[in-house]
Structures are given as structure tokens and as C-alpha cells.
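2 protein chains.
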Amino acid sequence: MVSDCTSKDRLRLWIRLLRSSRAIENELRERLRREFDVTLPRFDVLAALHRQPDGMLMSELSRYLMVSNGNVTGIIDRLEADGQVVRARRAGDRRASIVRLTDKGRTEFEAMAGEHETWVAELLGTLVPDDVEKLSTVLHDFNLNWGTKA
Amino acid sequence: MVSDCTSKDRLRLWIRLLRSSRAIENELRERLRREFDVTLPRFDVLAALHRQPDGMLMSELSRYLMVSNGNVTGIIDRLEADGQVVRARRAGDRRASIVRLTDKGRTEFEAMAGEHETWVAELLGTLVPDDVEKLSTVLHDFNLNWGTKA
Chain A
1 MVSDCTSKDR LRLWIRLLRS SRAIENELRE RLRREFDVTL PRFDVLAALH
51 RQPDGMLMSE LSRYLMVSNG NVTGIIDRLE ADGQVVRARR AGDRRASIVR
101 LTDKGRTEFE AMAGEHETWV AELLGTLVPD DVEKLSTVLH DFNLNWGTKA
Chain B
1 MVSDCTSKDR LRLWIRLLRS SRAIENELRE RLRREFDVTL PRFDVLAALH
51 RQPDGMLMSE LSRYLMVSNG NVTGIIDRLE ADGQVVRARR AGDRRASIVR
101 LTDKGRTEFE AMAGEHETWV AELLGTLVPD DVEKLSTVLH DFNLNWGTKA
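Chains as they are written, first to last, in our numbering: chain A, 1 to 150; chain B, 1 to 150.
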């Protein structure tokens, strides 16, 4: 049976999605601060770079994290000063610089990542496995469709 | 059939949830700014107060929106200066003030709310009705469980 769906239904879903996302994000922000003295945006940048051992352009980082270029630049400046990332010129392009993790950055991120994964599993622990799989599939498709529109 | 589910599966779901939530939020923020010259936090405060005609305590607003008390106070200061909300002392309590929409605030919010609902319906338009209903139910339960733990 196919159900019908009004704009009010979609608005309600959006509010619920936003509330769950904010609640989880706030809790993770607080734990990262308390346990590792690291901000959430900084953790997000380290996590993104960890997935790309060859490094990322600032514009790619900004787009991937969906935050402004200016915000990413400030975070990278601080990570560079702390020796966790390096900037390198891209071959044949004097303007764009590639950012990548240093060994120090990788080691420090990996120490946090395990704890972070445990926290997420705990915070999402009230969802039964079938719902985890269903939501994951639906949101994956949603994000793919989002990327292709506009 | 009940599927199994690892912490990696829950982490993947969290990343997808965060990405979809951020994408929608960024787009709504941009449209609110462009069409109504209003910030998203300000819209969120107006929306919360619109649901509670008798007003809300600052602490209730802060908890409902899941942002810090300091942030809410700054937004309320500006809304009050613009005549969209009023603060009133709660009977028998000199410390806590109740905030509620003025007629002007209500009228101006309602003019934006219709557009906002249309945008949300459009942005979530790639989700089929059955998935809207499923996600909405699962996230509602998740949010309820969140509220009762801790």
C-alpha cells in the first residue's frame, strides 16, 4: 500500500531529522571537548583528511564538510601550527594548495576515532538493526540525489 | 529477518544523517536570508514561540532549540528591539521572564512559514511517501528515547 504524503508530513520529518541530528552533534561536541580537548569542526576536518591519504584541496574540504571556505581556512591554519596537517602546492598550479595529514595528525586522529565510533554506536543504540539499515539506505540515496540536483 | 548491525553501520548512518541535515539546513539558511533577510536561528526562535502562544521561558527555548542560553538571549534581544517579541515577568517569580510573540512577530513569522514549508517539501521531494512516514516514525521514537535517557 502506498501512503499519501503532504507538505506538513515532510515538514514534520525535517523537524525530527534536525532535532535528532542536533542532539547527537551536541553530545559528540561535548564529549570531544571533554575527552580530547578538540572542537567538533576540527575533528570533522581531521576525519575528512583521514579518508583521503593523498590530501584534499581546500575547496574540496569545504564542499565535503558543507561549511564555508573561510571557516575551513581558519581550522587548517590552527592544525598546521600544531603540526597535524601540511599544505603543499599542487603540481603545476601556484594558486591551489593540497592539505594532508602529517604522521602526527594521523596518529592523533586515530586515537580519537575509535572512541568517537563507540560513542556514536552508543548514542544510536536505541535504533534496532533493521531501522539502522533502512535509514542508512534512504539517506544515502537522498544525499546522492541531492548532489545531482541544482 | 532481523539483520545484524555493527558500530561501523551506526557510524555510517550518523555520517549520512549529518550530511543530509546539513545540506537541507544550509539551503534553508540561504533561502531565508535571500528571501526574507532573516537568519536561521532567528527563524527557529520565532517558529518555537509560534507553537506556544502563552510564551516560553528562556531556559525552555534554549532546551527546545538545543542551543546555548547565551545564543538565545542575543536573538531575543534583537527580536525585542524589532518589536517581534516581548518579555514579561512570570507571576510570582522575579527572576524568570516569559517570552512571547507580539502580533507583529506572529504576522511576520506566518508570512515566512508558508514559504518555508513549501521549500522543505521541495527539498525533501525525492523521498517517496512510504519513506517519509518510516523515517518520521523512527526519528520520532529516537527523539523520545533521547529525551528520557541521561
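We treat Cβ as the ideally placed atom computed from N, Cα and C, and that holds for glycine. This structure is a prediction, so every number in the text was calculated from the model and none was measured.
- [ ] Would you tell me roughly how many angstroms separate the C-alpha atoms of V145/B and L123/A, rounded to the nearest one?
- [x] Reading off the sequence, residue 145/B comes out as Asn, not Val. N145/B and L123/A: Cα-Cα distance of roughly 10 Å.
Task: Neighbour flag for H140/B against chain A, beta carbons, 8 Å - done: yes
Open item on the list: Can you look up R51/A in the DSSP assignment and give me helix, strand or coil?
Closed with: coil
- [ ] Over the uninterrupted beta strand (DSSP E) stretch that includes V86/A, give me the two end residues.
- [x] 85–90
Open item on the list: So for D103/A, helix, strand or coil by DSSP?
Closed with: helix
Task: Contacts of E30/A in chain B (Cβ-Cβ under 9 Å) - done: What E30/A touches in chain B: nothing, since even the nearest Cβ is about 11 Å away.
Task: Supposed close pair A88/B, I75/B - CB separation, criterion 8 Å - done: No, A88/B and I75/B are not in contact; Cβ-Cβ is about 17 Å, not under 8 Å.
Open item on the list: With distance defined between alpha-carbon atoms, name the residue in M58/B, L57/B, A121/B, T137/B nearest to L28/B.
Closed with: A121/B
Open item on the list: Rounded to whole angstroms, what is the Cα-Cα separation between F109/B and L46/B?
Closed with: 6 Å
Task: L11/B to E133/A span [Cα, whole Å] - done: 12 Å
Task: Members of the region 108–127 of chain A near chain B, C-beta cut-off 7 Å - done: E117, T118, V120, A121, L124, T126, L127
Open item on the list: At the 8 Å Cβ level, is E35/A part of the contact set with chain B, yes or no?
Closed with: no
Task: Simplified DSSP assignment, three categories, for M66/A - done: coil
Open item on the list: Measuring straight from C-alpha to C-alpha, what distance separates R16/B and L65/A?
Closed with: 12 Å
Open item on the list: Between L18/B and E30/A, how many whole angstroms is the CB-CB distance? I'm expecting something under 8 Å.
Closed with: In fact, because the Cβ distance is near 16 Å, the residues do not count as touching under 8 Å.
TODO: With 8 Å as the limit, tell me which residues of the region 51–75 of chain B have their beta carbon closer than that to any beta carbon of chain A; keep them in chain order.
DONE: M66
Open item on the list: Under 8 Å, Cβ to Cβ, is there at least one residue of chain A near K104/B?
Closed with: no
TODO: Name, please, each residue of chain A whose Cβ falls closer than 8 Å to the Cβ of R12/B.
DONE: S136
Task: Proximal chain B residues relative to D77/A, where beta-carbon distance stays under 7 Å - done: The contacting residues do not exist; D77/A stays about 23 Å from chain B at best.
Task: Contact belief for L135/A with L135/B at Cβ below 8 Å, rounded distance in angstroms - done: 6 Å
Open item on the list: If we define contact as Cβ-Cβ less than 8 Å, is R19/A a contact residue for chain B?
Closed with: yes
Task: Cut-off 6 Å between Cβ atoms - residues of its own chain near E80/B, not counting five sequence neighbours on either side - done: none
- [ ] Would you identify the three-state DSSP class for L127/B, choosing helix, strand or coil?
- [x] coil
- [ ] Use the C-beta contact count for S68/B: other C-beta atoms within 10 angstroms, 16 or more gives buried, fewer gives exposed.
- [x] exposed
Open item on the list: Assuming D9/A is part of the alpha helix (DSSP H), what are its boundary residues?
Closed with: 7–36
Open item on the list: Comparing C-alpha positions only, which one of L40/B, C5/B, Q52/B, S21/B sits nearest to T102/B?
Closed with: Q52/B
Task: W119/A versus D130/B: straight-line alpha-carbon distance, rounded - done: 30 Å
Task: D82/B - DSSP class collapsed to helix/strand/coil - done: coil
TODO: Tell whether a beta-carbon distance below 8 Å holds between G55/A and R95/A.
DONE: no
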